[in-house]
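Numbering (the working numbering), first residue to last: 4 to 539. These notes are about the structure you will find just below.
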């Protein structure tokens, strides 16, 4: 096993199956101790990032992020009480600004809970560099006995573009979304949270028109009303700061080494996790001629389609391109050149140019620079084992530990408990009636005679050329016995079809993936607050 592979362990994190179950790793009670461990780790060494010490970059980045987060949050809700000193520990989480299920939202409650436990401050990053893949929301409707799941659109469907650029296009559809969702889910959930939530979203959308920011502002406003003490900030705002640009340039000007380490760590991850796909968890970074792919996105305001970033060194400059329209040379020959180029990159937004990190760089920067502890869901945590290996090899430091948190909450709707094992049991009986019908024979004399004949054939010692005849006799007897079991067979077919139908219906109601706004508000608030404060 390679050294890289030895750093990556197979993790058996699984989303909890039962309603009300949580997953914490490490236990929530150990969160404050993990924070202290990470703070101690930061004191063990410092890095030089093109003439800027990591400690200096971190202090600048955090100060600017907190100031921007307070300014941004104050645009739509009251700020949480905070008189934190500059060196107060900082805990981060992050997710796309979409309508998430309660298990994802749970991270925000844990984030606020840890603020109290560890005397820290907290920021939730809106990952608005991700693309809006759909504006439809899956909603259960019908009755508990006969449910169906439908998709309700909140806006016009268009080609995927980043949340940062995605404006509300059809205001009539957007404004009516809450009422349409409530009408659909109300036969199952009498008072869904969407009734209180959606007016907040339409108010936010009227202020700036951005779809993701409107959804996030409405959710964060609810969190404030429910007593959570966190700030929020779009990742795009972080990416416009000098500190992020300086950090990005340190990777871009050393792209060859970074790509080699990235792809090596990716191969080790696949080896340890027995992943055969060459695109999971992410594709290898490519080399095209003398251009090297790096884990960033590039697009423009007028053409907001995310495209991979490629770089190459030309003399004392690094050239950045999307291999289509954009091609920008940035001097990086000296530390002073890097600092000036970082300042220049900070002005790209005014020019309509967007350089944004992919997921790996997002969490790498959030964990190494911005936060003292980062809270992940299961997907991000598994992915970040790759990040850990890259931090160790590229930067030569030990990565800070993170917390994994998720929960399973299901809609409070009556449902029957049907397992796939119930269907499998009937399937097995149907198979046995065909191939082992003697298991179901009663006291009928003719049937008992056939069973005895079958057993004699099976027990009989035969020469190789006689085996075909024996097999034919056994099959003939099976057919005769099966013919005697037709009523039982038909009854089992009906039972299996009923069980399958019930299982499909139960699957609709049993999903943990329904958006938080479909749940009864007061019930959801109480459960999330209790779960985020419990001692596992």
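Ideal Cβ placement from N, Cα and C applies to all residues, glycine included.
With C-beta atoms as the reference, is residue 213 less than 8 Å away from residue 169? yes
Is there contact here, the segment 137 to 154 with the segment 500 to 519, by at least three beta-carbon pairs under 8 Å? yes
Can you name the start and end residues of the beta strand (DSSP E) that residue 93 belongs to? 93 to 98
What does DSSP give as the partner residues of residue 227 in its beta bridges? Bridge partners of residue 227: none, in fact.
What does the alpha-carbon distance come out to for the pair residue 433 and residue 496? 8 Å
Backbone secondary structure at residue 158 - three-state DSSP: coil
Cut-off 6 Å between Cβ atoms - residues of its own chain near residue 315, not counting five sequence neighbours on either side: 293, 294 and 322
For residue 164, which residues in the same chain have their Cβ closer than 7 Å to its Cβ, ignoring the five residues on either side in sequence? 134, 135, 307 and 308
Does the beta-carbon distance from residue 95 to residue 345 come in below 8 Å? no
For residue 468, is the classification buried or exposed, using 16 other Cβ atoms within 10 angstroms of its Cβ as the cut-off for buried? exposed
Please look up how many angstroms separate the CB atoms of residue 140 and residue 82, rounded, as I've assumed it's under 8 Å. With a Cβ gap of about 30 Å, residue 140 and residue 82 do not count as contacting.
Would you grab the beta carbon distance between residue 460 and residue 471 for me? Rounded to a whole angstrom, and I think it's under 8 Å. Their Cβ separation, rounded to whole angstroms, is 12 Å, which puts residue 460 and residue 471 out of contact at 8 Å.
According to DSSP, simplified to helix, strand and coil, what is residue 390? helix
Check for me: the beta strand (DSSP E) holding residue 265 runs from which residue to which? From DSSP, residue 265 is part of no beta strand (DSSP E) but of the alpha helix (DSSP H) over 258 to 276.
Figure out for me which residue from 270, 330, 247 and 528 has the closest Cα to the Cα of residue 66. 247
Of the residues 301, 108, 158 and 500, which one's Cα is nearest the Cα of residue 429? 500
Given a threshold of 16 other Cβ atoms within 10 Å of its Cβ, counted over all protein chains shown, does residue 379 qualify as buried or as exposed? buried
Residue 374 and residue 113 - do their beta-carbons sit closer together than 8 Å? no
Going by CA-CA distance only, name the one from 33, 111 and 386 that's closest to residue 410. 111
Which complete alpha helix (DSSP H) runs does the segment 446 to 500 hold, if anything under 4 residues is left out? 448 to 462 and 470 to 486
In the DSSP assignment, what are the bridge partners of residue 378? 406
Quick test of your reading: residue 443 and residue 494, contact by CB under 8 Å. State the CB separation rounded to the nearest angstrom. Not confirmed; about 12 Å, so no contact.
Residue 300 bridges to which residues according to DSSP? 311 and 359
Residues of its chain near residue 320, where Cβ-Cβ distance is below 7 Å and the 5 sequence neighbours each way are ignored: 332, 333, 334 and 335
If I'm right that residue 519 touches residue 218 with Cβ under 8 Å, what's the distance once you round it to whole angstroms? Their Cβ separation, rounded to whole angstroms, is 11 Å, which puts residue 519 and residue 218 out of contact at 8 Å.
With a threshold of 7 Å, establish whether the CB of residue 403 neighbours any heavy atom of the ligand NAP. What this structure holds is no ligand at all, so the ligand NAP is not there to describe.
Rounded to a whole number of angstroms, what is the C-alpha to C-alpha distance between residue 407 and residue 121? 17 Å
Who are the near neighbours of residue 176 in its chain, counting only those whose CB is closer than 8 Å to its CB and skipping five residues on each side? 156, 157, 158 and 159
Bounding residues of the alpha helix (DSSP H) (the contiguous stretch that carries residue 42): 34 to 45
Quick check on residue 241: buried or exposed, where buried means 16 or more other Cβ atoms within 10 Å of its Cβ? buried
Looking only at its own chain, which residues have a Cβ that is under 8 Å from the Cβ of residue 290, when we skip the five neighbours before and after it? 262 and 296
Kindly indicate which three-state DSSP category residue 533 falls into: helix, strand or coil? helix
Hey, could you find the ends of the beta strand (DSSP E) residue 27 is sitting in? 25 to 28
Among the residues of its own chain, which have a CB less than 7 Å from the CB of residue 453, if the five just before and after it don't count? 480, 483 and 484
State the DSSP-derived secondary structure class of residue 163, mapped to helix, strand or coil. coil
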